[in-house]
Each structure stands twice: as structure tokens, then as C-alpha cells.
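Worksheet: one structure, shown below.
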Amino acid sequence: MSILAGIHTVKHALESGEPISELIIERGKGDGGKGNRGKGHPRLNELIYLAKARQIRVVFQQRQALERLAEGVPHQGVVARVASGKRQKFEEWLAALPMQNDDGQNNPLILLLDGVTDPHNLGACVRTAEAAGCVAVILPKDHAASMDSPVAAKAACGALSRLPVLTVTNLARAMKQLQDKGFWLSGLAGEADVSLYQAGLSGAVGIVMGAEGKGIRRLVREQCDQLLSIPLPGRVESLNVSVATGVTLFEVVRQRAVDAG
229 MSILAGIHTV
239 KHALESGEPI
249 SELIIERGKG
259 DGGKGNRGKG
269 HPRLNELIYL
279 AKARQIRVVF
289 QQRQALERLA
299 EGVPHQGVVA
309 RVASGKRQKF
319 EEWLAALPMQ
329 NDDGQNNPLI
339 LLLDGVTDPH
349 NLGACVRTAE
359 AAGCVAVILP
369 KDHAASMDSP
379 VAAKAACGAL
389 SRLPVLTVTN
399 LARAMKQLQD
409 KGFWLSGLAG
419 EADVSLYQAG
429 LSGAVGIVMG
439 AEGKGIRRLV
449 REQCDQLLSI
459 PLPGRVESLN
469 VSVATGVTLF
479 EVVRQRAVDA
489 G
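Be aware that the sequence shown starts at 229, since it is given in this note's numbering, and climbs by one per residue.
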């Protein structure tokens, strides 16, 4: 069971058909609270209407209960419980992955995150990956934030319902399987000699990002086909991982647009 918090996040989940099992509204804010019939916050009332249209259970609880579930995320008076369901296995996903698009081109794009333990950064990376057209995000089972966190879900801004996020026990081994499938894996490292903007990023591409500060772990780094760096003309030594992910993924998008003419 995972938790979504906040009006925009919950509304997107309701409209996109996510398997919400229960909608929890702060008592006194939505239509249906005791002594509050026909009143309340109009945006919360809209969520109640959407939930009832899908026959989702709606309950009203005190603010403290919502705050405990939201884990620090501004809930704006609403929290939703989402059934996680059966998680897709990486091997099954990879076996079923088509390596050609409708134009017959061999160019799926994936994002691999190594050691990203901050849930806000994780959610932001997933949102960026979905926007850039990635077919999946791959995480290690350990040493990574959980996508079940309401912080990660809010930062992902609905991308979780449209993009597979797969966890693997051994990230380096999963990278080898991706390479056997035909992916070329590029890891980002500040000390790399080759600039991101000098690299060719066509074909089936996997972008490997490490945590800010620690970077990519040694075994993961050694499994990469190439290491790239993002030029930083300023005085800062590194970028936040979600920012670096956006810069890198959209350089892939840019190169593909140029190649397509």
C-alpha cells in the first residue's frame, strides 16, 4: 500500500485510474463531514465526487491522522491509499520490451538510478524520465528511496501511473542483461574526460545516474560502456541529481530530434 497526498496528486491519480482503495478527507473540509453537508472546499468536493463515481470508499478523519500518513508532504486536506498490486519483474519486462518503435528504429531510452536515497529527488527523476520518453526507470532494491513514499509520489506528479519503475537486486547484473539486449549504457561522472555534448547517444540508450556527492558505485561504474560529464562553467562542483538527470535525458532527446531532421 502506498500513500498519495495533496489535491493535484490525488486528482491525477483518480482521473488516470490508479487503484485507489480509500480517499481520506480532513474532517470539516469536504462535503459529507458532520454538519457540513453542501459546504466545504470545492476542490476537495470535486475529489469526493470523482472517488464516489469510481465507487472508492471516502472517509473523514482528523488533521493529525492525515499528517501521519502524509509523512511531511503538504496534504491540503486529502490523502489517498493506493494498492501497490503485483510489481512487474525486471526480467519479464526486459523480455517483452520491443527494441524497435513504429518507425522501425532501435531507440528505447531508459534511466538507471544508483543510490538515490532522497525520495523527492527520486520522484523528480521519474517525472523527468517520463517527460523525456523513457520506457522505464530501474532502481536497486537496496540503497534507494522507495517509490511508495508520499514524498516521491508527489514529486513524480503522476508519472508513476505511466512509467514502469522496476527494482533489481543487483544493478550491475541488470546492466549486463540490458547490454546483452542491445542497450549502450552511459554513466554520468564529474571526473569523466568525455563531455555529454561530445557523445553520440543514438540507438538503445541507458543513462546511469548516481547520488549527489557519492556518484555511481564502483561496480556499476565499471559496467557502463562509457562515462560522461556535464560541463560546469561556474564554480559549483556538481548538480542535484534530478537536475543532472534532466540535462542528460533531454540531450538524448535533442540529439534524436536532430538525427530525425
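C-beta: ideal position from N, C-alpha, C; glycine also.
Residues that residue i bridges to, as DSSP identifies them
i    : result
Q316 : For Q316, which the question treats as bridged, DSSP gives no partner whatsoever.
M410 : The sequence shown places Gly at residue 410, rather than the Met named in the question. Answer by DSSP bridge pairing: none, since G410 is not bridged.
M437 : L341
Q289 : E254
P368 : V396
G234 : For G234, which the question treats as bridged, DSSP gives no partner whatsoever.
L416 : L456
Close beta carbons around residue i, own chain, < 8 angstroms, minus the five adjacent residues each side
i    : result
S430 : N335, Q483, R484, D487
G361 : L337, V481
E319 : Q405
S423 : L456, S457, I458, P459
G261 : Any reading at G261 must be qualified, since the residue scores a pLDDT of 48, below 50, and its modelled position is unreliable; no value is offered.
Helix, strand or coil at residue i [DSSP, three-state]
i    : result
V363 : coil
L424 : helix
P326 : coil
E254 : strand
D346 : coil
Q483 : helix
A308 : strand
S244 : helix
A488 : helix
I458 : coil
G431 : coil
S389 : helix
L467 : coil
G443 : strand
G266 : Caution is warranted here: a pLDDT of 49 is assigned to G266, below 50, making its placement in the model unreliable, and the coordinate value is therefore given only provisionally. Reduced to three states, the DSSP call for G266 is coil.
G261 : With a pLDDT of 48 at G261, under the threshold of 50, the modelled position of this residue cannot be trusted; read the value that follows with caution. Three-state DSSP puts G261 in coil, outside helix and strand.
Neighbourhood of residue i by C-beta distance below 7 angstroms, restricted to the same chain and skipping five residues each side
i    : result
E440 : S466, N468, V469
E246 : V310, S389
Proximity below 9 angstroms, CB of residue i to CB of residue j
i    : j    : result
P368 : G343 : yes
L337 : I231 : no
V354 : A387 : yes
H269 : C385 : no
T356 : G462 : no
Q289 : I253 : yes
A373 : A380 : yes
G234 : V306 : yes
A293 : V238 : no
V393 : I366 : yes
Cβ neighbour criterion (16 or more within 10 Å) applied to residue i
i    : result
H303 : buried
K317 : exposed
L413 : buried
D421 : exposed
G300 : exposed
A427 : buried
G489 : exposed
T397 : exposed
D346 : buried
P383 : First, the amino acid is wrong: residue 383 is Ala here, not Pro. Label assigned to A383: buried.
A281 : exposed
Cβ-heavy atom distance, residue i to the ligand MG, below 8 angstroms
i    : result
A439 : In the structure shown, the ligand MG is absent, as is every other ligand, since no ligand is present at all.
Residues near residue i by beta carbon distance below 6 angstroms, same chain, minus five either side
i    : result
L391 : E358
V286 : L251, I276, A279
N349 : V469, S470
L455 : G415, A417, A420
M403 : L413, Q451
D453 : W412, L413
CB contact check: residue i to chain C, cutoff 9 angstroms
i    : result
I366 : Annotation note: the requested chain C is absent from the structure, which comprises a single protein chain.
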